[in-house]
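Worksheet: the structure to be examined is printed underneath.
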Amino acid sequence: MTTTYPYLTPAATPPHDSPLQPTVLVSSRAVIFDENDNLIVSPATITISPSTGKIISILPTVLPPSSFPPNTIYVDHTPHLILPGLVDAHVHLNEPGRTEWEGFNTGTKAAASGGVTTVIDMPLNAIPPTTTLNGLQEKIKAAQGQCWVDVGFYGGIIPGNADELLPLVEAGVRGFKGFLIESGVDEFPAVSSSDVTLALKTLKDTSTTLMFHAEMIPPITASVGDDVQVSLPPLKPSGPLTTYDTFLSSRPPSFETYAVDQILSLAHLAPSLHLHIVHLSAIEAIPLLRAARSSGINITAETCFHYLALASEEVPEGDTRHKCCPPIRSSANRDGLWSELSHPESVIKTIVSDHSPCTPELKLLPEHLSHGCGAMRDDAKGVNGNLLKDEAAKEKGDFFASWGGISSVGLGLPIIWTEATSPSRASSPNPIGILEIVKLCAMNTAKQVGLQHRKGALRPGMDADICIFDDALEWVVGREELLFRNKVSPYTGKVMKGRVAETWERGASWEVTFGEKDGLEVTGVMIYGMVWHGMVFALAFGIVMGFNWNRYIIYANDVKLLQFALPDFNPSHVFSWVSTPALSLLFMPLLP
Numbered sequence: 001m002t003t004t005y006p007y008l009t010p011a012a013t014p015p016h017d018s019p020l021q022p023t024v025l026v027s028s029r030a031v032i033f034d035e036n037d038n039l040i041v042s043p044a045t046i047t048i049s050p051s052t053g054k055i056i057s058i059l060p061t062v063l064p065p066s067s068f069p070p071n072t073i074y075v076d077h078t079p080h081l082i083l084p085g086l087v088d089a090h091v092h093l094n095e096p097g098r099t100e101w102e103g104f105n106t107g108t109k110a111a112a113s114g115g116v117t118t119v120i121d122m123p124l125n126a127i128p129p130t131t132t133l134n135g136l137q138e139k140i141k142a143a144q145g146q147c148w149v150d151v152g153f154y155g156g157i158i159p160g161n162a163d164e165l166l167p168l169v170e171a172g173v174r175g176f177k178g179f180l181i182e183s184g185v186d187e188f189p190a191v192s193s194s195d196v197t198l199a200l201k202t203l204k205d206t207s208t209t210l211m212f213h214a215e216m217i218p219p220i221t222a223s224v225g226d227d228v229q230v231s232l233p234p235l236k237p238s239g240p241l242t243t244y245d246t247f248l249s250s251r252p253p254s255f256e257t258y259a260v261d262q263i264l265s266l267a268h269l270a271p272s273l274h275l276h277i278v279h280l281s282a283i284e285a286i287p288l289l290r291a292a293r294s295s296g297i298n299i300t301a302e303t304c305f306h307y308l309a310l311a312s313e314e315v316p317e318g319d320t321r322h323k324c325c326p327p328i329r330s331s332a333n334r335d336g337l338w339s340e341l342s343h344p345e346s347v348i349k350t351i352v353s354d355h356s357p358c359t360p361e362l363k364l365l366p367e368h369l370s371h372g373c374g375a376m377r378d379d380a381k382g383v384n385g386n387l388l389k390d391e392a393a394k395e396k397g398d399f400f401a402s403w404g405g406i407s408s409v410g411l412g413l414p415i416i417w418t419e420a421t422s423p424s425r426a427s428s429p430n431p432i433g434i435l436e437i438v439k440l441c442a443m444n445t446a447k448q449v450g451l452q453h454r455k456g457a458l459r460p461g462m463d464a465d466i467c468i469f470d471d472a473l474e475w476v477v478g479r480e481e482l483l484f485r486n487k488v489s490p491y492t493g494k495v496m497k498g499r500v501a502e503t504w505e506r507g508a509s510w511e512v513t514f515g516e517k518d519g520l521e522v523t524g525v526m527i528y529g530m531v532w533h534g535m536v537f538a539l540a541f542g543i544v545m546g547f548n549w550n551r552y553i554i555y556a557n558d559v560k561l562l563q564f565a566l567p568d569f570n571p572s573h574v575f576s577w578v579s580t581p582a583l584s585l586l587f588m589p590l591l592p
């Protein structure tokens, strides 16, 4: 059997003699806003500027092609759903330094195939990590020309890097992450309460977000003091290392609740700073977070697709593809997370992938599970720089020795839709539908990283990041559907409902197909440097560029229905220039 590789085929571009004609997308079903700013599913006609890649207008009806000028690109996606492109706010792309695990090209291609149009890269697992300004610059350099979707970056907090935090804010990172327990890589150590205190005081007057991997071993006595904040190994195994229950019992819910409690105890040091718990797993932490929010603490949480779709009782013996930290818990815990998502005051505001891949060798998969996952690499480095030959001495299927992380970027929408539409979920008192999924996976994730003015919703003036979703199609996840570098995922072989048919990135269409094609093109840009003084330069440049004759006119039955732009000056064009990430790259050398 010949292995085929996916390629993304660009849509037709406007002819050069009519560059100002809009691109038009229509469908009988689109997730848009009504006149009262409520999110609804409605027929829609969406016009897109080919020059700025932004949405010009959205009408709650389907206009025929005859309503538009000749040469207009007109695409009818009925009966598929038109959704805003998803924003995955928790992805490990691992480049530079560990590109045998993942990279910008493969990771963002996988994202694009699943309707994800923006990913935010985590600060660890690359070498160097994004804990310094130099580390961020190395990351940006490595990403150039490789990204299929738009990419933003988080900074990291580790012991001793407090002086780097404000420069990273100025450079445009979308938030910061710290670990309260060992991360698994030497270059990203856990922080103590003193480190967290210093970070809170440093960032208290900024508009950034401070995020935590919230797992800690509770102290044996109350007098342990600051050392308890320093990460310790998980509890010792109490059974076979290849049995998932043994691993699960080593990281109980008390790890999460204690860590959350410690974070809340320090929140008063930065009352206006947004705090965020990443990959919340244990439902026992939810009451703590709800009480904190009720008392005025600015804290939110995210959960992951795997905590909502997988359960500990269903993990096969030795199947380390399911290992992650915090761990996948029981089906009852899974039900509790779904219940919280439907709560009107839910503390879980976002759902993310936490795509954290590695090579197949580091997963220590048993022979019967490792077929088709990828080839051994003699030159690759493993966890903490150990050679892969050292991994060979470890027991296959060992949940304690294997790398912890779930690979799923680009699979999130089918995963959550499959689970949400299952009979038990769909018949619940407060079911999660497509509108709630858009909020959790696009709107709220964009807001979490400060991109809500450009990403996560279908509105005029926003980036034309669009996901075309066939919500009825059923399919089986095979190796060829996994576009990330290493084909190691617990979702392989699972039946999914709903599949992304096409992804639009800032007005450019990319249809996911499977076959062999050379000369791949990438359209993603780096999102950083969007700080006020950089925008001053961009605004001045945008005012100059605003003087043009851009003109968009929509006709219905030969009657002029809508006109966008002014004959001599287009203010919206100014906004387009100010909010274009490529322009921030242009002005980065001018920033102090």
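Residue numbers are given in full-length UniProt numbering: position 401 of the sequence shown equals residue 401, and the series is strictly consecutive.
For every residue, glycine included, the Cβ atom is placed at its ideal position computed from N, Cα and C.
Keep in mind the model is a prediction, meaning the values are calculated, not measured.
Length of the line joining the Cα atoms of residue i and residue j
i	j	result
Phe68	Thr47	10 Å
Ile157	Ile56	40 Å
Gly336	Tyr307	10 Å
Pro326	Ile73	47 Å
Pro240	Gly114	37 Å
Arg499	Ala508	19 Å
Thr106	Pro64	38 Å
His92	Pro70	45 Å
Asp17	Ser28	Note that Asp17 has pLDDT 38, beneath the 50 cutoff, so the model's placement of it is unreliable and the number below is only indicative. Roughly 31 Å separates the two Cα atoms.
Ala44	Arg485	37 Å
Ser250	Pro366	22 Å
Leu411	Gln21	34 Å
Ser192	Thr503	42 Å
His343	Thr209	24 Å
Secondary structure of residue i, DSSP reduced to three states
i	result
Phe247	helix
Asp518	Only weak support is given to the placement of Asp518: the predicted model assigns it a pLDDT of 33, under 50, and the value that follows is read from those uncertain coordinates. Residue state, collapsed to three classes: coil.
Asp390	The pLDDT assigned to Asp390 is 49, lower than 50, so where the model puts this residue is not dependable; a value taken from the coordinates is nonetheless given after this. Helix, per DSSP.
Tyr154	coil
Gly135	helix
Leu232	Reliability of the predicted coordinates at Leu232 is poor, the pLDDT of 47 falling under 50, and no value is obtained from them.
Leu289	helix
Cys441	helix
Val185	coil
Ala464	coil
Glu284	helix
Pro240	coil
Trp475	strand
Asp470	strand
Asn548	Bear in mind that the predicted position of Asn548 carries a pLDDT of just 40, short of 50, making it unreliable; the figure below should be weighed with that in mind. The answer is coil: DSSP assigns Asn548 none of H, G, I, E or B.
Phe179	strand
Given residue i as reference, the closest of the options once Cα atoms are compared
i	options	result
Ser408	Gly184, Lys323, Tyr491, Ser254	Tyr491
Asp354	Val347, His279, Lys396	His279
Lys139	Val149, Tyr154, Val500	Tyr154
Ile351	Ile82, Ala89, Leu39	Ala89
Asn94	Gly103, Leu86, Val87	Gly103
Pro253	Ile217, Ser427, Lys487	Ile217
Ile58	Glu35, Glu367, Thr421	Glu35
Arg293	Thr303, Glu313, Ile32, Ile277	Ile277
Gly404	Thr78, Ile297, Ala199, Asp319	Asp319
Phe400	Phe469, Thr242, Asp470, Ile432	Thr242
Glu474	Leu136, Ser489, Lys494	Lys494
Lys323	His77, Gly397, Thr418	Gly397
Ser489	Val173, Glu302, Arg321, Asp471	Arg321
Leu196	Asn125, Leu273, Val151, Asp186	Correcting the residue identity first, residue 196 is Val in this sequence and not Leu. The shortest Cα separation from Val196 among Asn125, Leu273, Val151, Asp186 belongs to Leu273.
Ile434	Ser66, Ile32, Leu275	Ile32
Within-9 Å CB hit, residue i to chain D
i	result
His274	Among the chains in the structure shown there is no chain D, since it carries only a single protein chain.
Span of the beta strand (DSSP E), counted from its first residue to its last, around residue i
i	result
Lys363	Segment 360-363 is the alpha helix (DSSP H) holding Lys363; no beta strand (DSSP E) there.
Lys497	495-505
Thr108	Taken as a continuous stretch (DSSP letters only), Thr108 belongs to no beta strand (DSSP E), being part of the alpha helix (DSSP H) at 104-113.
Pro414	Element bounds for Pro414: not the beta strand (DSSP E) but the alpha helix (DSSP H), 412-420.
Tyr74	73-76
Ser424	No beta strand (DSSP E) contains Ser424, which is instead part of the alpha helix (DSSP H) from 423-426.
Arg29	23-33
Pro43	39-48
N-terminal and C-terminal residue of the alpha helix (DSSP H) that residue i is part of
i	result
Glu301	Note that residue 301 is Ala in the sequence shown, not Glu. Careful: Ala301 lies outside any alpha helix (DSSP H), inside the beta strand (DSSP E) at 299-304.
Lys201	193-203
Phe399	Where Phe399 is concerned, there is no enclosing alpha helix (DSSP H), given that its DSSP letter is neither H nor E.
Ala171	162-171
Ala263	Sequence inspection shows Ile at residue 263; the Ala mentioned does not correspond to that position. Counting along the chain, the alpha helix (DSSP H) containing Ile263 begins and ends at 253-266.
Ala332	331-341
Between the stretch 128-145 and the stretch 421-428, do at least 3 Cβ pairs fall closer than 8 Å?
Contact fails: fewer than three Cβ-Cβ distances are below 8 Å.
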